[in-house]
Each structure stands twice: as structure tokens, then as C-alpha cells.
Amino acid sequence: MNRLLSWLTLIVVLPFAVSAQAEDVAGKVGYMSGALVSQRVDGTVKVMGPNAEIFEGDLLVTAKDSYAQVVMNDGSKMTLRPDSNLKIEAFQFKKESPLTDNAVFRLLKGGFRTVTGLIGKRGNPDAYKLRAKTSTIGIRGTDFTTRLCATQNCQDDSESEPVKPAVETSRAVGRVMLIRGELLANELRGSSRKLALGAPVYEGDTLKSSDKSYAVVVFRDGGRITLQENSDFLIEKYKYEKTTSQESATLRLLRGGVRVVTGLIGRFKHENFNFGVGGATIGIRGTGFDAWCNGPCAEGKSDFGATPGKPLDGAGVYVWAGEVVLVSPGGSFTVAINQAAIIARETGKPVQIMVIPASIKDNPIPKPDSFPVDIDKLFDEISTSGEPGLYVTVHDGQVILALGDQKIDLGRGESGFTNDEILTRLSNTPGFMRGDKRLDNLESIGGSNSALPGGGCVVGP
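Counting in my numbering, the sequence shown runs from 1110 upward without gaps.
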């Protein structure tokens, strides 16, 4: 008790600007373990209990060995770690007015885990922001952890915890560089995620574009695709390391259409580059081509070919740079520049078509190499030794971490770091960002161990 009173005395004497108290309740305290104090904008200090109201302008402070969950009116949940200071700089949410949504939080010390609510998912996608020192975290509907570390390996709030080793993150094999409409990624584990500009894609993902949508994806070796509307594209296997000889890719168009520019694997290790369309494969010689898979091909039938009268109703390819070899169990055919070929439905053999459909020859969807990309910057990442600074780890969704004019996109499983001088994506996730058993246990069981009344109690000034 004496320790708690000493801590409260310290909070009370801290200087804060005095202004009018916001009238609208922004949220409330959920479960607690330990002590949580709120410093109001009028200078009032309140010890918070379960269900205590949170207002715009509040500074929330957790004590040592204390955790607290805050539930905002839009449904977002923030679980504060011990010795954390989080200020609610702005919070505006009205169910009937999505365009006026606004949430701005500032992390002054410590860290927390967040599952975002409706703000940022409706109306303005940039309505949710988290600030820490000179950095800003923009949210695209996500679950993430952030910690502002003042000491090496973030020992400032966990002196008794042993330092856990860092682990390699799930490496993105590509990133979305242009998107019109909606693009999803179905994962091997069965879940699905919505992709935004800059979002990572991984080995095993099936990319799915919706009606009137298309997207450009750039891969680590410089290869690119433009996935056309109503199309499914599987990244079956992808390995690329500039410093090693591990270079291979197996990609497969399952449905719809795709425009392709091969990268370093297709140019220099073309025997390791496999591109499938239905039951056929397209051999690459460093090239640009369009492929399609419709009708029986998209349905997975054994007779997946097309007919000369309806060349788009099946599997086929059109070459606009270099050449490819269209291969099926029935044979092979070399397709030169400005030529097109299909798998003949009756024979199963690849054959050239003399009349190329206008929708193929004059495709209005942009080629994937129609705009410049800095590959090194796009996939640049470094390892960390736990130096002080701001860390962010994304558990689901997407985060945009910004420092001045610099920005990096972080997707599921990725971590980022900034210390006000550098901004980078991390190749490994520090051990102190890989979960907290006490926090996880508290979230799983819920409830509170606070003896305070539900509304808390005022202690000053």
C-alpha cells in the first residue's frame, strides 16, 4: 500500500496543462491487474477501477507490474504493459458519421498491444494514428504490439525477465505496389486477409482479385505480375536470396488472367522457374507475357484447353516480350513475340492461334513493368540487437510506420524499428516483442484483481 501511495503522489505532482474536460466518454477500463491512474486535462488525477470512464485528453499511467485493458467506443482494445504512459490526444466516434472518425494516441513510455476497432475501417482509412516521439504509426485494421524502449532489450519495464533470443520473421516474397478495387490473400492455414498498398505476400498465398479490380505485385527477384479482375493466383513456392544460390519459384494461375514480367530467377535460372496454367506449364526465357485460365481451365477439368473459335475459354498465353514455351502432356510449342497459343481442347496439344482477341492484344490493364520500383528499398531489412527505440510487431492486418517523409509498410508477422534517426523493417523479431505470458494469461481469463470501486476514485489535485 505504501508503495502505491508513493507512486500516486508522484503522479499527482506531475505538471499538466489545464483545459476544459471533454464531455463525451471515449471508452472505459476493462480488466486490470495492478494499478492504473488517469490524469485528466483539468489536472484531476483519478485511480481507475474496472468500468471507469475514459475521456479524450486523458493520460493513462500503469504502475510497475500492472496491466490494464482499455476498451474504446469504436470497439478497439488496448492492453497497457507495466510502467506505460499513453495519452488519448483525440478521439471522435459517432456511429452515424464515419467520415468524422478520428483517433490519435501518443505513447510516451512503455508499450501496449492493440486490436483496432471501427475507426480506420470505415470512412477515412487514415483516421487512426499512434504517435511516439517523432514517429507515426498508421493503421489499416490490425492487431499489433508496440513498445518504446529506453534501454537495451527493453528491460526498462521488465528487469526480472530474461532476455529472449530474436527469431526470424516470416519473409515476404513480394509486395503489392498498385491496387485498384479489392485484393485478398488466402493462406495455407485457411484464413484470409485483405491486402492494401504495400502489403506483403508470402509463399503459399493464393491471391484473389474481385470484380473490376486489379493489382500489381513485385517479387524479391524483380519479377512482377498484374493480376486481372476475378482471378486467382497461387504462389506455390518461392525462394530467393541474393547471397546464396537458393533461387526457385513455382507460380500458378488458377483462374482469370495475369500479366507477367520475369525477374532474375526467370532470366538466369529459368530451369528453376515454373509457371503453371491449368495442366500446362509455361517455360520462361526472360520475358513478358499474358496468361489466361477460364472455363474448363478455371474449373480444374482434365480437358482444360480452348478452341480456335473461343480461344479465351480455356488455357492460353500471349507474348509481348521475349519468348516462352507452352508445354502440355500433348507436346510443346515455342511462342515468339506478338504470338499467342492455346492448349487445344480436342487434342491437348499447344497450338498457335492466328486471330488474337482484341482484349488480349490491346489489354487496357497496365503491364507490371509500367512504373519504376526500387527493389532494394522495397525489401530492405536489417537485424536488431535490441537497441533503444520504437518497435512495432504486426500480428494481423497492416501498419504503416513513418518517420518524417519516410514510410515502411508492415504486414502480418513483420516487425519495424525506428530510433528517430533510422527507419527500417526488421529481419528478426526481438524476443521482448514475441509475447508476454502474463499479458496473454490476463487476456485469456479476463476479469480484474482491483479492489477499487467500478468508477475508480479521485486522488488529486
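All C-beta atoms in this analysis are idealised placements derived from N, C-alpha and C, irrespective of residue type, glycine included.
Per DSSP, Gly1366 lies in no alpha helix (DSSP H); the unbroken beta strand (DSSP E) holding it starts and ends at Glu1356 to Val1370. Annotation for Phe1480: no beta strand (DSSP E) segment contains it, and DSSP assigns it neither H nor E.
Under DSSP, Cys1258 forms a beta bridge with Gly1498.
With contact defined as three or more Cβ pairs closer than 8 Å, the stretch 1316-1324 and the stretch 1337-1352 are in contact. Excluding its 5 nearest sequence neighbours in each direction, Gly1139 has C-beta neighbours in its own chain below 6 Å: Gln1178 and Val1180, listed in chain order. Around the beta carbon of Val1134, fewer than 16 other beta carbons lie within 10 angstroms, which makes this residue exposed. Just so you know, the alpha carbons of Ala1281 and Asn1182 end up roughly 34 Å apart. In the three-state DSSP reduction, Asn1339 falls in the coil class, being neither helix nor strand. DSSP lists Ala1358 as the beta-bridge partner residues of Tyr1347.
When Ala1449, Phe1442, Pro1405 and Pro1438 are compared, the shortest CA-CA separation from Gly1425 is found for Ala1449. Around the Cβ of Val1460, a 10 Å sphere holds 16 or more other Cβ atoms; the residue is buried. In the assembly as shown, Ile1374 is a buried residue. Its beta-carbon has 16 or more other beta-carbons within 10 Å. Bounds of the beta strand (DSSP E) holding Ile1509 are Gln1507 to Leu1512. In the DSSP assignment, Gly1375 falls within the unbroken alpha helix (DSSP H) covering Leu1373 to Phe1377.
When Cβ pairs closer than 8 Å are counted between the two stretches, the stretch 1392-1403 is seen to touch the stretch 1462-1478, the count reaching three or more. Residue nearest to Val1464 within the set Val1501, Ile1474 and Pro1417 is Pro1417 (criterion: CA-CA distance). Annotation for Ile1228: no alpha helix (DSSP H) segment contains it, and DSSP assigns it neither H nor E.
Excluding its 5 nearest sequence neighbours in each direction, Ser1524 has C-beta neighbours in its own chain below 7 Å: Thr1278, Tyr1500, Val1501, Thr1502, Leu1535, Thr1538 and Met1542, listed in chain order.
Distance from the CA atom of Ile1334 to the CA atom of Asn1262, rounded to whole angstroms, is 40 Å.
Classified as buried, Asp1210 has 16 or more neighbouring CB atoms from the shown chains inside 10 Å of its CB.
By DSSP's assignment, Pro1459 forms a beta bridge with Ile1452. The beta carbons of Ala1389 and Val1436 sit about 6 Å from each other, so the pair counts as a contact at 8 Å. Under DSSP, the beta-bridge partners assigned to Leu1316 are Ala1294 and Phe1342.
Per DSSP, Ile1446 lies in no alpha helix (DSSP H) segment and is marked neither H nor E. For Lys1218, the enclosing beta strand (DSSP E) has its first and last residue at Asn1211 to Val1224.
In the three-state scheme derived from DSSP, where H, G and I count as helix and E and B as strand, Pro1405 is classed as coil. Inclusion of Phe1202 and Thr1255 in the CB contact set at 8 Å is not warranted, their separation being larger than that value. Per DSSP, Ile1469 is one residue of the alpha helix (DSSP H) stretching across Ala1467 to Lys1470. Assignment of Phe1541 by DSSP, reduced to helix, strand and coil, places it in the helix class. According to DSSP, Gln1515 shares a beta bridge with Leu1512. Counting every other CB atom within 10 Å of its CB across the protein chains shown gives Leu1208 a total below 16, marking it as exposed. In the three-state DSSP reduction, Lys1321 falls in the coil class, being neither helix nor strand.
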